[in-house]
Structures are given as C-alpha cells and as structure tokens.
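Numbers 3 to 369, taken from our numbering, label the letters of the sequence shown in order. See below for the structure under consideration.
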Amino acid sequence: MDAIRKQASRIREQVARQAVFKQFGGGHGSGLSDDAELHQHQKLEKLYISTRAAKHYQRDIVRGVEGYIVTGSKQVEIGTKLSEDSKKYGSENTCTNGNVLTRAALSYGRARAEMEKERGNMLKALGTQVAEPLRAMVLGAPLEDARHLAQRYDRMRQEAEAQATEVARRQAKAREQGNPDLFMKLESAEAKLQDLKSNMTTLGKEAASALSSVEDQQQKMTLERLISMVESERGYHQRVLQILDQLEGEMVSERQRIEAPTTPSTTDNNHNMPPPPSYEEANGVFASHMHDTPTDSMGYFLGEVLFPYHGVTNVELSLSTGEYVVVRKVTGSGWAEGECKGKAGWFPFEYIERRERVLASKVSEVF
Numbered sequence: 003m004d005a006i007r008k009q010a011s012r013i014r015e016q017v018a019r020q021a022v023f024k025q026f027g028g029g030h031g032s033g034l035s036d037d038a039e040l041h042q043h044q045k046l047e048k049l050y051i052s053t054r055a056a057k058h059y060q061r062d063i064v065r066g067v068e069g070y071i072v073t074g075s076k077q078v079e080i081g082t083k084l085s086e087d088s089k090k091y092g093s094e095n096t097c098t099n100g101n102v103l104t105r106a107a108l109s110y111g112r113a114r115a116e117m118e119k120e121r122g123n124m125l126k127a128l129g130t131q132v133a134e135p136l137r138a139m140v141l142g143a144p145l146e147d148a149r150h151l152a153q154r155y156d157r158m159r160q161e162a163e164a165q166a167t168e169v170a171r172r173q174a175k176a177r178e179q180g181n182p183d184l185f186m187k188l189e190s191a192e193a194k195l196q197d198l199k200s201n202m203t204t205l206g207k208e209a210a211s212a213l214s215s216v217e218d219q220q221q222k223m224t225l226e227r228l229i230s231m232v233e234s235e236r237g238y239h240q241r242v243l244q245i246l247d248q249l250e251g252e253m254v255s256e257r258q259r260i261e262a263p264t265t266p267s268t269t270d271n272n273h274n275m276p277p278p279p280s281y282e283e284a285n286g287v288f289a290s291h292m293h294d295t296p297t298d299s300m301g302y303f304l305g306e307v308l309f310p311y312h313g314v315t316n317v318e319l320s321l322s323t324g325e326y327v328v329v330r331k332v333t334g335s336g337w338a339e340g341e342c343k344g345k346a347g348w349f350p351f352e353y354i355e356r357r358e359r360v361l362a363s364k365v366s367e368v369f
C-alpha cells in the first residue's frame, strides 16, 4: 500500500508540475509554449552532441597528423642517409669493369635527396596547414564559451523544473489549508519560477546561437583542412612520381647501353674510316713523318676495352673485351694508338672507355 501511495504522489506531482509549466509557459509575454521550450532543449542537445563529436574528430585528425609527421621525419632521416651513402659511393669508387653502377648510384642519390626534400615540405605543410589550425579550434575560446552557455542553460532548466515542483506543492497546500501566509509564499515561488523561465529562454537562445556558429565553423574548418591535407599529399606524390620517372629513364638507358649488342657504331662505319697510320708511326719510330690525319694529344691514359677488335693489318692492335690498354695518341679520324700486353698498334677509339682508376693487378696485365 505504501508503494502505491508513493507512486500516486509522484504522479500527482508530475501532473501539477506540467500544469504549472503550462500556466507559466508564456510568462512575461514571451509567447513560448511548452512545445517550443522542449524544441529548444532538444535543439541544444543535438548541437551539443554535434560540436562535441566534431571536436573529438578534429582532435583525432591532429593526433594522426602529428604521428604521421613524427614517422615521416624519421623516414626523411633514413632516406637522407641513404642518399648520402649512394652519392659517396658514386663519387669515391670506380669499378674496374665500368662506371655504370657509379653513375646509377649518383643518380639515385640525387633523386633520393630530392624526394626526401619533397617529403619534408609535405610534412611541414601538414603541420602548419592542418594540425595547427585544428588544434587552435579545439582549444579555442568560442567552442568552450558556447558549451558553457549550454551547460548553464541545462542547469537553469533543472532548477526551473525543481521550482515548478515547489510551486505545485505550495498550490496544493494553499488550497488545502487556505492560510494567507501560504498564498504569499506561493506568489513568491511563482515569481521566482517566472524569472527562471524568462532567463532560461534567453539563455537558451544565446546558447543555441553560439553552438550553431561553432558548428558551422567546425564543419567548414575541418573540411578545408581535409582538402588541404589531400592536396599536400597529392602534390608530394606527383612530384615524387616525376622524380622516379626521370630516374627510371636514366637507369633503363644505362642498362640498355650495357646490354646492347657488343658492336660499337664505328663497326658499321669502318669502311668510311681512313686506314690507320703505318706501323712505324704507331711505334713512334718516324715521329717526324706522322700521318696527315689531324691528331689530338690527350696524354697517356688507361682505357678499358668494351668491344673486341681484330686487327686487319700489321699496324693494328687486336683487343679483347675487358683488357686494359695504355692509350698514347688519339687521332681526329677515330683511331687510337696504344699498347696492350707488350704489343702496340692502332685500334678504333670507340672500342675503349677511359678509366681513371684501375686495380694494380689489371695494370700489370697491360705490360
């Protein structure tokens, strides 16, 4: 029975409170009904939830971008070291079998350095154009001020509900006892409820306006930062693709050159070349009677044989691929004179490639 009486009492208080809200719903000529106040309350709840979710999403973006920058900076450091190592190998080492790899290493080192520079620029853009603006908005005053207004409105609404219950209780008590003091207290409670209702309406409008403004800013700002992030990454990948395309072209060209048929261009044009100088000229016996063909003195240097050559006359020097020859003279007609394995003679200059460094064991094979 006690439980039934308590439940009935709660129902009476709820009905009385609704009646009081209906009675004072249009206080001070506000023209607001209970439905309008409820709509305002629901709108504020949705705005509060929306701005909170947007704030959390902005914070997630900031955290993600910051983590990406940290990881990317480490990758820049590793890539830069790889670039330096590649350029060091290319500049300090010369393979005895050719310098294709050294050229490729230099090309890769330069390309890697350019790519890491582009990555660094992208990371900087993500920090300044994405993370910093969003962080400022997450921690900014407009959002916090609007949320404080909504929280104040919610507290005032709870206070108004409690005051409405108090008014309903005093109305019932005044009707039962008819005491003038009770009616005076009732009037005071009703006046307080009127003030709360009026203040709550005003505060609700301010909170809704502030939250709506913040919501618009959040939506616009977040979308702009996402677009900026996409553009930064897209630009970075496009520039890296251009660098890689150029690098690939250079390396493929080198590979095609070394994999090309082992016949230099002069082979097809040998019939157009003038004959080599005489045997005596090749060995420097009659230096004063040199061939009339223009010559270019380059000084002695070592050359690696790239293509095999079989001498036809007694003044020509036969060569095999991979051998090294001391080149002593190069003529303007395409012939070179040199010595290899104790023999001297003329051979097409295009069949060899100059070498700055040669292993000592290879040098001993020349003489």
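Built from N, CA and C at the ideal position, the CB exists for glycine as well.
On a Cα-Cα basis, can you pick out the residue from the options that is closest to residue i?
i    : options                   : result
D162 : A174, N123 and G206       : For the record, residue 162 in the displayed sequence is Ala; it is not Asp. The option with the nearest alpha carbon to A162 is G206.
Y353 : A107, H312 and K76        : H312
I71  : L49, M231, L40 and K57    : M231
V314 : Y302, P350 and Y91        : P350
Y326 : G305, A346 and E318       : G305
G66  : A113, Y91, G129 and Y50   : G129
I245 : Q179, M117 and T82        : M117
A191 : T167, L84, Q179 and T323  : T167
T104 : L321, E256, S320 and W348 : E256
S320 : V328, V329, Y302 and K345 : K345
Rounding to the nearest angstrom, what Cα-Cα distance links residue i and residue j in this structure?
i    : j    : result
E233 : S109 : 28 Å
E358 : V307 : 14 Å
K126 : P135 : 13 Å
G142 : K57  : 11 Å
H239 : G251 : 18 Å
K222 : I63  : 15 Å
R112 : K89  : 7 Å
P182 : L46  : 41 Å
K331 : G340 : 7 Å
E94  : V317 : 38 Å
V169 : E39  : 19 Å
Closer than 8 Å by C-beta to residue i: which residues in its own chain qualify, once you throw out the five before and the five after it? Chain order, please.
i    : result
T295 : At T295, the pLDDT of 41 sits below 50, so the modelled position is not reliable and the matter cannot be decided from this model.
T53  : L145, A148, R149, L213, V216, E217 and Q220
T323 : T264, V307, L308, F309 and P310
I'd like the list of long-range same chain contacts for residue i, defined as Cβ closer than 7 Å, with 5 residues on each side in sequence excluded.
i    : result
Q42  : G206 and A210
K175 : L184
E68  : A133
Name the DSSP beta bridge partners of residue i, please?
i    : result
A346 : E341
R357 : L304
V329 : F303 and G340
Y311 : L321
Please list, in chain order, all residues of the same chain as residue i whose beta carbon is under 6 Å from its beta carbon, the five residues on each side excluded.
i    : result
R241 : E120
R61  : V140
M253 : A106
Q131 : S230
Just to check, is the beta-carbon of residue i closer than 8 Å to a non-hydrogen atom of the ligand MN?
i   : result
I51 : Ligands are entirely absent from the displayed structure, and the ligand MN is therefore not among its contents.
>> For a minimum of 4 consecutive residues, which ranges assigned as the alpha helix (DSSP H) are wholly contained in the region 172-227?
In response: If we require 4 residues or more, the region 172-227 turns out to have no alpha helix (DSSP H) run fully inside it.
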